[in-house]
Amino acid sequence: MEVNKILSADVLDIIFEGRNKDYGAYQLRKSYNKRLVTSLLIVGALCLLLFVGYVVSNLLDDKAEAKNVVVQDVQLEEIKQEEKKEEPPPPPPPKPPDPPKVEMAKFTPPKIVKDEEVKEEEKPPEVNKLEETKIGTMNQEGQKDEGIVAPPVDDGGKGVVEAPKKDEEDWDKTFTKVEIESEYPGGAAAWQRYLNRNLRYPQEAIDNEVQGAVVVQFIVDKEGNVSDVEAISGPQELRPEAVRVIKKSGKWTPAVQNGRQVKSYKKQPIVFRLESEG
Numbered sequence: 016m017e018v019n020k021i022l023s024a025d026v027l028d029i030i031f032e033g034r035n036k037d038y039g040a041y042q043l044r045k046s047y048n049k050r051l052v053t054s055l056l057i058v059g060a061l062c063l064l065l066f067v068g069y070v071v072s073n074l075l076d077d078k079a080e081a082k083n084v085v086v087q088d089v090q091l092e093e094i095k096q097e098e099k100k101e102e103p104p105p106p107p108p109p110k111p112p113d114p115p116k117v118e119m120a121k122f123t124p125p126k127i128v129k130d131e132e133v134k135e136e137e138k139p140p141e142v143n144k145l146e147e148t149k150i151g152t153m154n155q156e157g158q159k160d161e162g163i164v165a166p167p168v169d170d171g172g173k174g175v176v177e178a179p180k181k182d183e184e185d186w187d188k189t190f191t192k193v194e195i196e197s198e199y200p201g202g203a204a205a206w207q208r209y210l211n212r213n214l215r216y217p218q219e220a221i222d223n224e225v226q227g228a229v230v231v232q233f234i235v236d237k238e239g240n241v242s243d244v245e246a247i248s249g250p251q252e253l254r255p256e257a258v259r260v261i262k263k264s265g266k267w268t269p270a271v272q273n274g275r276q277v278k279s280y281k282k283q284p285i286v287f288r289l290e291s292e293g
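In short: position in the sequence shown from 1, add 15, done, that's the working numbering.
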C-alpha cells in the first residue's frame with residue numbers, strides 16, 4: 016500500500032493488505048458494526064414490545080376486576096342492650112322469737128314484825144310454789160321453770176358456749192429466746208470444773224498450735240436432756256472435742272418462759288487455750 020494512502024486507510028484494510036479479501040473473515044469483520052447495531056435495535060424493540068404488552072395486560076385485568084366488583088350497602092341492625100333489672104334486696108332475717116317468760120315469784124327479805132303489820136304482797140311465797148318458779152325481785156306470770164339457764168347476754172342470744180381458750184404460746188415448740196436460759200447444774204463454777212476434768216486438747220491442734228473458742232449449739236428439753244449438738248463456729252480441729260464434751264455433760268437445768276420450763280436452743284462457747292512456755 017502506498018504511503019499516502021496508509022493514513023486514510025481503514026485498519027481492516029491494512030491488516031488484510033495483500034490477502035484474499037473475499038475470505039469470510041474479512042467480510043465478517045467489515046460488517047461487524049452494522050450487525051451489532053442491528054441486533055441491539057432488534058433486542059430493544061422486543062423489550063419495548065414486551066413492556067407495552069405487560070402494561071396493557073395489567074390495564075385490561077384491572078378493568079375486568081372493576082366490572083366484577085359489586086358494592087352492596089349493608090344495613091347494620093341496631094343491637095338493643097337488655098336493661099338489667101335491679102333485683103330487690105333480700106328480705107331481712109326473721110327476728111328471733113322472744114324467750115318465753117318464766118314464772119317468777121317476788122322474794123321479800125324476812126323482817127321481824129307483828130302479824131298485823133305484814134302486808135299481803137310482802138308475804139313470802141309458799142315453799143311448794145317455789146319448786147317450779149324462779150325467785151326474783153317481782154311477781155311475774157309465765158311458763159314453769161324447768162331448770163333451763165338463759166344464755167349470757169354478751170353472745171347476742173345465740174346460746175353459743177365458747178370453749179376455754181388455750182394459752183397463746185405453744186409450749187411444745189423449741190424457743191430461741193427465753194426469759195431464763197438453760198444452764199449447767201451448779202452454774203459457771205461447776206461448768207468450769209466439768210471442763211477441766213473432761214476436756215482433752217486434740218494432739219493435732221497442739222502440734223499446729225491451734226487455739227480459740229468453739230461455739231456449740233444444742234437443744235435442752237423440758238426435762239434437761241441434751242440433743243442436736245452441733246458446732247457452729249471455731250477452728251475445725253477443735254470442734255469434735257467440743258461436741259463430745261457437750262454430749263457427755265448430762266442433764267442441764269431447762270429454760271424458763273412465763274414461769275414454765277420449756278424446750279429451747281442453747282449456745283455454749285468452749286475456749287481452748289495453749290499454755291505459753293516460760
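We put the beta carbon where it would ideally sit given N, CA and C, even for glycine. Values in this document were obtained by computation on a predicted structure and should not be read as measured data.
Beyond the five residues adjoining it in sequence on each side, A257 comes within less than 6 Å, by CB distance, of V229, V231, A246, I285 in the same chain, given in chain order.
Counting only the Cα atoms, E290 lies some 25 Å from K263. The Cβ atoms of W186 and R288 lie no closer than 8 Å to each other. For K278, the enclosing beta strand (DSSP E) begins and ends at 275-287. Taking a C-beta distance under 8 Å as the contact criterion, I234 and Y199 do not qualify as a contact pair. The C-alpha of A204 lies about 20 Å from the C-alpha of Y216. The alpha-carbon of E224 is positioned some 17 Å away from that of P255. In the displayed model, V258 falls within a helix according to three-state DSSP. Here V271 is bridged, per DSSP, to I195, Q276. If you check the CB distance, I195 and A270 come in under 8 Å. The beta carbon of L74 sits closer than 8 Å to none of the beta carbons in its chain outside the five residues before and after it.
The beta carbon of T189 is closer than 8 Å to those of I234, K278, S279, Y280 in its chain, skipping five residues each way along the sequence.
When rounded, the separation of the alpha-carbon atoms in G227 and Q272 is 33 Å. For D243, the three-state secondary structure derived from DSSP is strand.
Here G249 is buried, its C-beta having at least 16 other C-beta atoms within 10 Å.
Taking a contact as a CB-CB distance under 8 Å, the pair W267 and V241 counts as one, their CB atoms being some 6 Å apart. In the DSSP assignment, G227 falls within the beta strand (DSSP E) that extends over 227-235.
Within the model, the alpha-carbon separation for K192 versus R212 is close to 31 Å.
Beta-bridge analysis with DSSP links S248 to V230. A Cβ-Cβ distance of about 6 Å is found for the pair L214 and V260, placing them in contact under the 8 Å criterion.
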